[in-house]
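Presented below is the structure to which this report refers.
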Amino acid sequence: MSGRYYIETWGCQMNEVDSQRLGGQLMEEGFLPCPRPEEADLILLNSCSVREKAAQKVYSRLGEYRRLKHQREKLVIGLCGCVAQQEGQSALKRVPDLDFVLGTGRISEIREVVRQAREGRRPVAIGFPKEAPYEFDSISREGTHKGMVTVIEGCDKRCTFCIVPTTRGPERSRPLDAILQEVRQLLDLGFVEIELLGQTVNHWRGSADPVGRTLDFADLLDAVATLPGLQRLRFLTSYPRDFSSRMVEAIGTHPTICPYLHLPVQSGSDAVLRRMGRGYVVSEYLELVAELRTVRPDIALSTDIIVGFPGESDRDFEATIRLLEDVRFSSVYAFKYSPRPGTAALMLGDDIALETADRRLQALFRLQSRIQLEINRELVGRSFEALITSPGKEPGTMTGRTPCHRVVHFPGDPLVTPTGTLVDVTIERA
Ligand code: 5AD
Numbered sequence: 010m011s012g013r014y015y016i017e018t019w020g021c022q023m024n025e026v027d028s029q030r031l032g033g034q035l036m037e038e039g040f041l042p043c044p045r046p047e048e049a050d051l052i053l054l055n056s057c058s059v060r061e062k063a064a065q066k067v068y069s070r071l072g073e074y075r076r077l078k079h080q081r082e083k084l085v086i087g088l089c090g091c092v093a094q095q096e097g098q099s100a101l102k103r104v105p106d107l108d109f110v111l112g113t114g115r116i117s118e119i120r121e122v123v124r125q126a127r128e129g130r131r132p133v134a135i136g137f138p139k140e141a142p143y144e145f146d147s148i149s150r151e152g153t154h155k156g157m158v159t160v161i162e163g164c165d166k167r168c169t170f171c172i173v174p175t176t177r178g179p180e181r182s183r184p185l186d187a188i189l190q191e192v193r194q195l196l197d198l199g200f201v202e203i204e205l206l207g208q209t210v211n212h213w214r215g216s217a218d219p220v221g222r223t224l225d226f227a228d229l230l231d232a233v234a235t236l237p238g239l240q241r242l243r244f245l246t247s248y249p250r251d252f253s254s255r256m257v258e259a260i261g262t263h264p265t266i267c268p269y270l271h272l273p274v275q276s277g278s279d280a281v282l283r284r285m286g287r288g289y290v291v292s293e294y295l296e297l298v299a300e301l302r303t304v305r306p307d308i309a310l311s312t313d314i315i316v317g318f319p320g321e322s323d324r325d326f327e328a329t330i331r332l333l334e335d336v337r338f339s340s341v342y343a344f345k346y347s348p349r350p351g352t353a354a355l356m357l358g359d360d361i362a363l364e365t366a367d368r369r370l371q372a373l374f375r376l377q378s379r380i381q382l383e384i385n386r387e388l389v390g391r392s393f394e395a396l397i398t399s400p401g402k403e404p405g406t407m408t409g410r411t412p413c414h415r416v417v418h419f420p421g422d423p424l425v426t427p428t429g430t431l432v433d434v435t436i437e438r439a
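Position in the sequence shown counted from 1, then plus 9, gives you the working numbering.
So, in structure tokens, the structure goes:
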């Protein structure tokens with residue numbers, strides 16, 4: 010097979026890696042990437058369905074791509090990712106020119122699926138086969154500054170708002186050896202930063218060690234953080250309840266682990282957390298934050314918040330506001346609750362009016378902007394090592410990330426200090 014492919018990626022880091030896996034396998038098959046869909050013989054839409062808006066956009070994008078078929082008769086269009094897994098066959102019914110559907114658990118079958126699609130069959134590959142191979146050798150990596158390594162796929166939690174268990178399937182940890190091999194390969198290639206990925210990354214489990222103890226995420230951190238050549242280690246996304254003291258200790262022990270943690274709390278109200286099925290209360294979350302700050306006083310924390318969850322009262326929302334004031338996150342990703350098919354929250358009733366949710370979201374953003382500016386102002390005058398992630402928007406500038414994952418802009422020349430270089434910067438302005 011040969012031709013040119015174009016992949017459009019929506020959603021989280023997991024989807025980004027999936028796109029790199031798809032691209033790499035297609036390249037092995039003789040395909041080459043191209044920068045514009047108009048030039049492609051194969052278009053893949055790697056979709057996200059965590060909130061309704063993202064899922065809706067999929068069909069309008071597919072509609073736009075369909076039109077390209079008038080110009081390129083042999084164009085093959087495939088729906089991949091979370092919406093593919095969720096919709097399966099019905100996506101083919103809904104989009105007459107769609108050539109195949111490939112779910113998140115069947116990435117390794119892309120070659121076969123494209124072959125079938127080119128023969129005019131319309132294959133649908135969804136579900137989660139137990140023995141799906143994970144060929145990290147054929148991932149088409151982007152850049153050399155951040156190497157993403159999936160350590161655990163799927164999710165067995167049952168948060169009542171979340172569609173991920175449906176779209177990404179049951180939890181599967183990758184074996185320690187395979188993970189270490191992949192990280193070593195990335196370090197050999199010159200990657201500066203390694204990011205371990207999983208929907209609940211800190212729930213990773215390995216096989217038993219010689220004395221019969223099952224390895225967990227603390228052991229994984231110990232093993233990866235000490236690999237020669239590693240400069241920065243990060244991981245995403247941690248589930249609060251799955252954090253153990255040993256994991257906190259690992260974060261305190263290894264200087265290569267970045268002083269940054271994304272720790273979604275979702276709400277500052279115990280009543281809402283209970284209805285969300287999160288399995289912790291606010292005080293437990295705050296204890297964890299305190300433990301983390303004890304071992305790593307400079308740690309920056311970010312979080313996810315859902316506002317307008319069914320039954321969220323003004324008092325519940327005020328509790329979330331208080332939590333933000335107490336913790337002082339370095340950044341907050343906040344979303345209006347979006348009802349998702351097949352999730353338990355659909356049965357809760359007590360829906361919140363859209364205007365109320367909007368108002369709460371805006372109030373939350375206002376508060377967080379203020380907090381963030383205050384925190385950033387405290388950093389003025391301090392020096393950090395920045396990892397350059399891209400040229401800046403202004404000519405003559407570069408953009409990078411501090412170890413605590415803050416974005417910094419500074420004068421620079423991509424020819425002298427290209428993406429992936431570490432430079433020392435002093436903060437002048439917030
Ligand atoms: N509605 C709104 N936000 C959601 N998230 C997950 N599911 C939903 C939903 N149904 C948010 C959570 C999660 C982040 C990735 O997306 O905050 O942590």
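Glycine residues also receive a C-beta, built at the ideal position from the N, C-alpha and C atoms.
| In whole angstroms, what is the alpha-carbon distance linking Asp279 and Arg250? | 14 Å
List the endpoints of the continuous alpha helix (DSSP H) containing Thr312. Premise fails: Thr312 lies in the beta strand (DSSP E), 309-316, not in any alpha helix (DSSP H).
May I ask you to report which of helix, strand or coil DSSP gives Leu230?
helix
Subject >> Other residues of its chain near Leu355: CB distance less than 7 Å, five sequence neighbours each side excluded >> reply: Pro348
Exercise. Any idea if His79 is buried or exposed, counting beta-carbon neighbours within 10 angstroms, 16 or more meaning buried?
Worked result: exposed
Is Ile314 closer than 8 Å to Ser502 when the C-beta atoms are compared? This structure gives no information on residue 502, because the portion of the chain shown stretches from 10 to 439.
Is the distance from the Cβ of Cys89 to the Cβ of Cys57 below 8 Å?
-> no
* **Whether Gln94 touches Gly72 by CB criterion (8 Å)** => no
Review point. Counting along the chain, where does the alpha helix (DSSP H) carrying Leu31 start and finish?
Key: 22-37
Could you compute how far the alpha carbon of Arg81 sits from the alpha carbon of Asp50? 8 Å
ask   = Is any heavy atom of the ligand 5AD found at a distance shorter than 7 Å from the C-beta of Asp359?
value = no
| message | If you reduce the DSSP assignment to three classes, tell me which class Gly152 lands in. | response | coil
Check your understanding: Helix, strand or coil: which one does DSSP assign to Pro42?
Key -> strand
### Task
Closer than 6 Å is what we want: which residues have a beta carbon that near any heavy atom of the ligand 5AD? List them in chain order.
Val59, Arg60, Phe170, Cys171, Pro273, Gln275, Asp313, Ile315, Phe344, Tyr346, Ser347, Arg349
**Request:** Could you spell out where the beta strand (DSSP E) holding Met10 opens and where it closes?
**Result:** Note, Met10: premise wrong, no beta strand (DSSP E); not H, not E.
* Asked: Are three or more beta carbon pairs between the region 361-370 and the region 122-139 nearer than 8 Å?
  -> no
Within 10 Å of its beta-carbon, does Ala217 have 16 or more other beta-carbons around it, so buried, or fewer, so exposed?
exposed
Segments assigned alpha helix (DSSP H), at least 4 residues, entirely inside the region 205-275: 226-234, 254-262
Item to check | Of the residues Gly12, Lys62, Glu383, the one placed nearest Phe344, counting alpha carbons only | outcome: Lys62
#### Entry: Spatial distance of Glu128 from Ile86 (CA atoms)
13 Å
Which parts of the region 361-401 are runs of the alpha helix (DSSP H), unbroken and 4 residues or longer, counting only runs that do not cross its ends?
363-387
The ligand SAM heavy atom lying under 7 Å from the CB of Cys267
Looking for the ligand SAM in the displayed structure turns up nothing; the ligands present are the ligand 5AD.
Touching by the beta-carbon criterion (3+ pairs, under 8 Å), the region 334-344 and the region 378-394 = yes
Quick one: complete beta strand (DSSP E) runs, 3+ long, within the region 50-113? 51-56, 85-89, 109-111
From Tyr68, Gly215, Pro132, His154, pick the residue whose C-alpha is nearest to that of Pro427; which is it?
His154
Suppose contacts are defined by Cβ-Cβ distances below 8 Å. Is Val298 in contact with Val173 by that definition?
no
Quiz item: Where Phe318 and Asp359 are concerned, what is the direct C-alpha to C-alpha distance, given to the nearest angstrom?
Solution: 9 Å
Problem - Contacting residues, own chain, Cβ-Cβ under 7 Å from Arg305 (five flanking each side not counted) - result: Ile260, Gly261, Pro268
Can we say the region 227-245 touches the region 200-207, given the rule of at least three CB pairs closer than 8 Å? yes
Which of helix, strand or coil does DSSP assign to Ser340?
strand
| task | Please classify Pro174: does DSSP put it in a helix, a strand, or coil? | result | helix
- Neighbour-count burial assignment, Gly163, 16 or more Cβ in a 10 Å radius: buried
Range covered by the beta strand (DSSP E) that runs through Arg410: 406-410
Return the residue from the list Met10, Gly12, Glu387, Asp27 that minimises the CA-CA distance to Met158. For the sequence presented, residue 158 should be read as Val rather than Met. Of the candidates Met10, Gly12, Glu387, Asp27, the one whose C-alpha sits nearest the C-alpha of Val158 is Asp27.
Worksheet item: What span of residues does the alpha helix (DSSP H) with Leu431 cover, start to end?
Response: That residue, Leu431, is in no alpha helix (DSSP H); its beta strand (DSSP E) goes 431-435.
field: Of the residues Thr169, Ser149, Glu96, the one placed nearest Gly136, counting alpha carbons only
entry: Glu96
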